[in-house]
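J.: Line by line, the protein sequences give chains A and B.
Here the numbering used here = 1-based position in the first sequence + 72.
Here the numbering used here = 1-based position in the second sequence + 7.
Ideal Cβ placement from N, Cα and C applies to all residues, glycine included.
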Amino acid sequence: MTGPPLLELSAVTKRFGGLTAVKDLSMSVHRGEIVGLIGPNGAGKTTIFNVITGVYRPDSGTVTVAGERVDGLARYRIARRGVRRTYQIVRPFADMSVLENVLVGALFGEAQGQEEAEHKAREVAAFMGLTGREDEPAATLNLGEKKRLEIARALAADPQLLLLDEALSGLTPREIDVASDTISRIRTELGKTIVIVEHVMRAIMAISDRIVVLHHGEKIADGAPQDVRRDRQVIEAYLGESA
Amino acid sequence: MMGIRRVAALWRRPTPLLALAVCGLLALVPLSDNAEWITFCITMMNLIVLTYSLNMVVGLTGYLSFGHVVFWGLGAYTAGAVVMAGGGPISYNPYWVAPLGGIVSLVFAGIIGYPTMRLRGAYFAIATVSINIAVQTLFFNLEPLGGAEGLPLNRALLNLADRVTPAYYVLLGLLFLAFWTHYGILKSKIGYGLRAILNDEDVADTMGVNATGYKVATFAVAAFFAGVAGSAWGIFQNFVDPENFRLGISVDLFVIMMLGGAGTALGPLVGGVIYYVIRDLLILRFPYLHLMIFGVVILVIVLAFPGGLIGTLRQRHRGLRAVLE
Numbered sequence: 073m074t075g076p077p078l079l080e081l082s083a084v085t086k087r088f089g090g091l092t093a094v095k096d097l098s099m100s101v102h103r104g105e106i107v108g109l110i111g112p113n114g115a116g117k118t119t120i121f122n123v124i125t126g127v128y129r130p131d132s133g134t135v136t137v138a139g140e141r142v143d144g145l146a147r148y149r150i151a152r153r154g155v156r157r158t159y160q161i162v163r164p165f166a167d168m169s170v171l172e173n174v175l176v177g178a179l180f181g182e183a184q185g186q187e188e189a190e191h192k193a194r195e196v197a198a199f200m201g202l203t204g205r206e207d208e209p210a211a212t213l214n215l216g217e218k219k220r221l222e223i224a225r226a227l228a229a230d231p232q233l234l235l236l237d238e239a240l241s242g243l244t245p246r247e248i249d250v251a252s253d254t255i256s257r258i259r260t261e262l263g264k265t266i267v268i269v270e271h272v273m274r275a276i277m278a279i280s281d282r283i284v285v286l287h288h289g290e291k292i293a294d295g296a297p298q299d300v301r302r303d304r305q306v307i308e309a310y311l312g313e314s315a
Numbered sequence: 008m009m010g011i012r013r014v015a016a017l018w019r020r021p022t023p024l025l026a027l028a029v030c031g032l033l034a035l036v037p038l039s040d041n042a043e044w045i046t047f048c049i050t051m052m053n054l055i056v057l058t059y060s061l062n063m064v065v066g067l068t069g070y071l072s073f074g075h076v077v078f079w080g081l082g083a084y085t086a087g088a089v090v091m092a093g094g095g096p097i098s099y100n101p102y103w104v105a106p107l108g109g110i111v112s113l114v115f116a117g118i119i120g121y122p123t124m125r126l127r128g129a130y131f132a133i134a135t136v137s138i139n140i141a142v143q144t145l146f147f148n149l150e151p152l153g154g155a156e157g158l159p160l161n162r163a164l165l166n167l168a169d170r171v172t173p174a175y176y177v178l179l180g181l182l183f184l185a186f187w188t189h190y191g192i193l194k195s196k197i198g199y200g201l202r203a204i205l206n207d208e209d210v211a212d213t214m215g216v217n218a219t220g221y222k223v224a225t226f227a228v229a230a231f232f233a234g235v236a237g238s239a240w241g242i243f244q245n246f247v248d249p250e251n252f253r254l255g256i257s258v259d260l261f262v263i264m265m266l267g268g269a270g271t272a273l274g275p276l277v278g279g280v281i282y283y284v285i286r287d288l289l290i291l292r293f294p295y296l297h298l299m300i301f302g303v304v305i306l307v308i309v310l311a312f313p314g315g316l317i318g319t320l321r322q323r324h325r326g327l328r329a330v331l332e
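1. Going by other Cβ atoms of all chains shown within 10 Å of its Cβ, with 16 needed for buried, is B/M299 buried or exposed?
2. Just mark A/P245 as buried or exposed, buried being the case when its beta carbon has 16 or more other beta carbons within 10 Å.
3. Could you spell out the range, first to last residue, of the alpha helix (DSSP H) harbouring A/L243?
4. According to DSSP, simplified to helix, strand and coil, what is A/L91?
5. Tell me where the beta strand (DSSP E) around A/K291 begins and ends.
6. Report yes or no: do three or more beta-carbon pairs, one from the stretch 132 to 149 of chain A and one from the stretch 280 to 300 of chain A, lie closer than 8 angstroms?
7. Is B/T213 close to chain C? Criterion is C-beta to C-beta, closer than 7 angstroms.
8. Report the residues of the stretch 153 to 178 of chain A with a CB closer than 9 angstroms to any CB of chain B, ordered along the chain.
9. In whole angstroms, give me the CA-to-CA distance for A/L182 and A/A229.
10. Let me know if A/L91 comes out buried or exposed under the rule of 16 or more other beta-carbons within 10 Å of its beta-carbon.
11. Leaving out five residues on either side along the sequence, give the residues of the same chain with a beta carbon under 6 angstroms from the beta carbon of B/L165.
12. Roughly how many angstroms lie between the CA atoms of A/G104 and A/E206, to the nearest whole one?
13. So what's B/M124 in DSSP terms, helix, strand or just coil?
14. Spell out a yes or no on whether the stretch 241 to 252 of chain B and the stretch 286 to 301 of chain B are touching, meaning 3 or more CB-CB pairs, one atom from each, closer than 8 angstroms.
15. Should the stretch 83 to 102 of chain B be regarded as contacting the stretch 254 to 274 of chain B, the criterion being three or more beta carbon pairs within less than 8 angstroms?
16. Less than 8 angstroms between the CB atoms is what I'm expecting for A/T125 and A/A226, so what's the real figure, rounded?
17. For the alpha helix (DSSP H) that B/I97 lies in, which residues bound it at each end?
18. Would you list, in chain order, the members of the stretch 189 to 223 of chain B that have their beta-carbon closer than 9 angstroms to a beta-carbon of chain A?
19. At a Cβ threshold of 7 angstroms, is A/T125 touching chain B?
20. Note down the Cα distance separating A/I248 from A/T254, rounded to an integer number of angstroms.
21. Can you have a look at A/T260 and say buried or exposed, based on whether 16 or more other CB atoms are within 10 angstroms of its CB?
22. Using a Cβ cut-off of 9 angstroms, pull out every chain B residue sitting near A/F180, in sequence order please.
23. In whole angstroms, give me the CA-to-CA distance for A/K291 and A/E195.
24. Taking the continuous alpha helix (DSSP H) assigned at B/T46, which residues delimit it?
25. Does the stretch 60 to 80 of chain B come into contact with the stretch 302 to 310 of chain B, if we say contact requires no fewer than three beta-carbon pairs (one atom in each stretch) closer than 8 angstroms?
26. Could you tell me whether any Cβ in chain B is nearer than 7 angstroms to the Cβ of A/Y128?
27. Given a cut-off of 7 angstroms, decide if A/A178 and A/A189 are closer than it, judged by their beta-carbon atoms.
28. Short of 8 angstroms in beta carbon distance, which residues of its chain neighbour B/G215, apart from the five on each side in sequence? Order them along the chain.
29. Write down the C-beta distance between A/V306 and A/V285 rounded to the nearest angstrom, noting that I regard them as a contact closer than 8 angstroms.
30. Can you name the start and end residues of the beta strand (DSSP E) that A/D322 belongs to?
31. Is A/G197 close to chain B, meaning its C-beta is less than 7 angstroms from at least one C-beta of that chain?
32. Does DSSP classify B/H324 as helix, strand or coil?
33. Counting only the same chain and skipping the five closest in sequence on each side, list residues whose C-beta sits under 7 angstroms from that of B/V89.
34. Looking only at its chain, what residues have a beta carbon closer than 7 angstroms to the beta carbon of B/F4, apart from the 5 residues adjacent to it on each side?
35. Out of B/G153, B/K222 and B/N41, point me to the one whose CA is closest to B/F131's CA.
36. Evaluate the contact criterion for the stretch 171 to 179 of chain B versus the stretch 26 to 41 of chain B: three or more CB pairs, one atom per stretch, below 8 angstroms.
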């Protein structure tokens with residue numbers, strides 16, 4: 073792995089009043105990696121996404137994207153460094169059609185001009201299996217389609233770093249298989265770097281190169297899926313302290 | 008070459024054609040030499056431009072600008088102050104001052120928009136009303152500009168006969184420009200950004216849309232149109248006074264906007280013409296009851312077309328959605 077990591081968090085702490093949601097967290101993600109971020113409910117996974125994308129400012133610590141500090145920058149400026157995310161609870165632009173949703177992503181991404189953006193939007197919609205639904209209002213899609221739409225909207229910007237917040241939860245087992253395969257293809261065919269927060273263990277273990285485990289805002293494990301699965305601390309975090 | 012073909016493609020779209028047709032008809036009215044019609048159309052076009060200005064804010068950013076008339080009043084006073092500055096008759100066409108009124112309003116909107124457009128929901132609406140009232144109070148007490156009595160401009164504007172026709176074409180040009188601006192925004196990257204903000208501002212922000220910047224810029228551009236209209240109106244009336252800040256004018260603007268369809272490019276034009284024609288006919292027939300009947304008529308239209316005329320047509324007919332904007 074050459075050059076600085078694409079994403080690096082050093083000693084990031086985020087508190088909400090008396091609650092420390094993320095505590096002294098350091099982690100890095102290199103170009104081309106798929107990193108899974110797991111942990112029990114309330115472990116601070118979504119908070120980390122919010123810190124990376126500028127929704128929250130960290131109380132201490134730094135976040136860098138491609139070697140440049142982004143913590144403290146406005147959200148749209150961080151986005152312009154090539155960071156895109158999806159949301160745990162889907163948030164498509166309900167009044168807009170499927171294609172328009174994706175087009176917003178493309179227009180505010182790397183595409184030059186409206187024609188190129190439209191071309192990009194159609195291409196990405198097709199990649200995410202939304203062909204034929206382009207003109208439907210986004211509100212009429214089912215959950216699985218909405219999750220795909222969110223990924224399409226993020227991908228259309230041609231980001232360097234894609235943050236997927238529970239892209240698989242709530243899907244049927246069959247949908248999970250298809251979506252896992254799509255996420256792998258986003259890396260292999262489109263060359264994206266992905267951080268994915270997930271509860272569906274089987275899928276995340278299968279698609280991630282590396283797993284970072286959080287517990288009460290602290291990192292308790294960071295390694296290959298097969299090692300993490302055997303880690304004592306991880307087993308305790310999931311099954312209870314006295315196990 | 009691409010640019011030319013793009014412009015040509017635009018003309019195949021009925022929305023700009025419709026606007027152009029209405030403006031073309033309006034352009035013919037002064038040829039009639041009918042002073043009543045001309046004044047009627049000037050009043051109507053002034054309110055339509057103001058509605059376009061309001062529609063850009065309410066329809067495109069979702070913010071309720073209840074004190075929107077403040078930008079019109081500032082435009083009027085800018086024109087008044089400039090033409091009176093020399094203390095005697097002016098040697099230039101007073102309508103050259105009109106863009107300056109627009110710029111004053113644009114800057115003022117930028118200054119008040121930057122802090123207030125971070126507010127959401129009702130707070131912005133309350134802030135704009137407060138600002139409107141505060142500015143009106145200021146001008147009530149600003150003696151150099153006439154205070155509560157107002158400022159007659161006849162010391163500067165001697166050639167009264169020349170005021171009407173230029174006012175007509177200034178407002179007509181401004182009306183078309185306002186339409187074109189709104190239509191252009193809808194079709195552009197900015198329009199998609201604004202629609203994204205309207206749907207979910209936090210998501211838009213994390214997608215690279217500078218939400219605050221877009222909202223303030225739209226607010227400022229909208230205020231520009233209101234300011235130019237205010238300047239033209241002040242010169243046309245030969246008089247500016249604190250009534251130029253009357254909050255009640257906003258009610259007319261909201262009704263016209265809702266009639267036509269908030270956010271649509273044709274809405275203010277269609278809504279404005281219908282509003283004015285119906286109201287005028289009612290005043291002639293029922294001089295005492297016209298407001299009551301007008302209220303009922305508006306109510307019926309709003310119930311039949313809940314999204315405004317253009318908005319409802321767009322919602323009900325998929326085919327129209329692509330062409331009617």
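T.: So, from the listed chains and residues:
1. Under the 10 Å beta carbon count, B/M299 is surrounded by fewer than 16 other beta carbons and is classified as exposed.
2. Taking all protein chains in view, the Cβ of A/P245 is surrounded by fewer than 16 other Cβ atoms within 10 Å, so the residue is classified as exposed.
3. For A/L243, no alpha helix (DSSP H) run applies, since DSSP gives it neither H nor E.
4. Three-state result, A/L91: strand.
5. Note, A/K291: beta strand (DSSP E), E290 to G295.
6. Fewer than three pairs of CB atoms, one per stretch, sit closer than 8 angstroms, so the stretch 132 to 149 of chain A makes no contact with the stretch 280 to 300 of chain A.
7. Looking at the structure shown, chain C is missing, and the protein chains on hand are A and B.
8. Within the stretch 153 to 178 of chain A, the qualifying residues are V155, R156, R157, Y159, R163, P164, F165, A166, D167, M168, E172, N173, L175, V176 and G177.
9. Contrary to the premise, residue 182 of chain A reads as Glu rather than Leu in this sequence. C-alpha separation (whole angstroms): 6 angstroms.
10. By the C-beta density criterion, A/L91 is exposed, having fewer than 16 other C-beta atoms within 10 angstroms.
11. P96.
12. C-alpha separation (whole angstroms): 29 angstroms.
13. When secondary structure is reduced to three states using DSSP, B/M124 falls in the coil class, being assigned neither helix nor strand.
14. They do not touch, by the three-pair rule.
15. Short answer: they don't touch.
16. About 11 angstroms separates the beta carbon of A/T125 from that of A/A226, a gap too long to meet the 8 angstroms contact definition.
17. Note, B/I97: premise wrong, no alpha helix (DSSP H); not H, not E.
18. The residues in question are K194, S195, K196, Y199, G200, R202, A203, L205, N206, D207, D209, V210, A211, D212, T213, M214, G215, V216, N217, A218, T219 and G220.
19. Yes, A/T125 counts as interfacial toward chain B.
20. Taking the straight line from one Cα to the other gives about 10 angstroms.
21. Label assigned to A/T260: exposed.
22. The answer, in chain order, is K196, Y199, G200, A203, A211, M214, G215 and V216.
23. CA-CA distance, A/K291 to A/E195, rounds to 38 angstroms.
24. Per DSSP, B/T46 belongs to the alpha helix (DSSP H) from A42 to T68.
25. Cβ pair count under 8 angstroms is below three, so no.
26. Closer than 7 angstroms: no.
27. Yes, the pair counts as a contact, with Cβ atoms nearer than the cut-off.
28. When the five nearest sequence neighbours on each side are left out, no beta carbon in the same chain lies closer than 8 angstroms to the beta carbon of B/G215.
29. Between A/V285 and A/V306 the Cβ distance is about 5 angstroms, and since that is below 8 angstroms, they are a contact.
30. For residue 322 of chain A there is no data in the structure shown, the boundaries of chain A being 73 and 315.
31. With the sequence shown as reference, residue 197 of chain A is identified as Ala, and Gly is not the correct amino acid for it. Closer than 7 angstroms to the CB of A/A197 there is not a single CB belonging to chain B.
32. Three-state DSSP puts B/H324 in coil, outside helix and strand.
33. Sequence-distant partners of B/V89 (beyond 5 residues in either direction) whose C-beta falls short of 7 angstroms from its own C-beta, in its chain, are V104 and L107.
34. The question about residue 4 of chain B has no answer here: the residues shown for chain B are numbered 8 through 332.
35. Ranking the options by Cα distance to B/F131, first place goes to B/K222.
36. Taking 8 angstroms as the limit for Cβ pairs, the verdict is that the stretch 26 to 41 of chain B does touch the stretch 171 to 179 of chain B.
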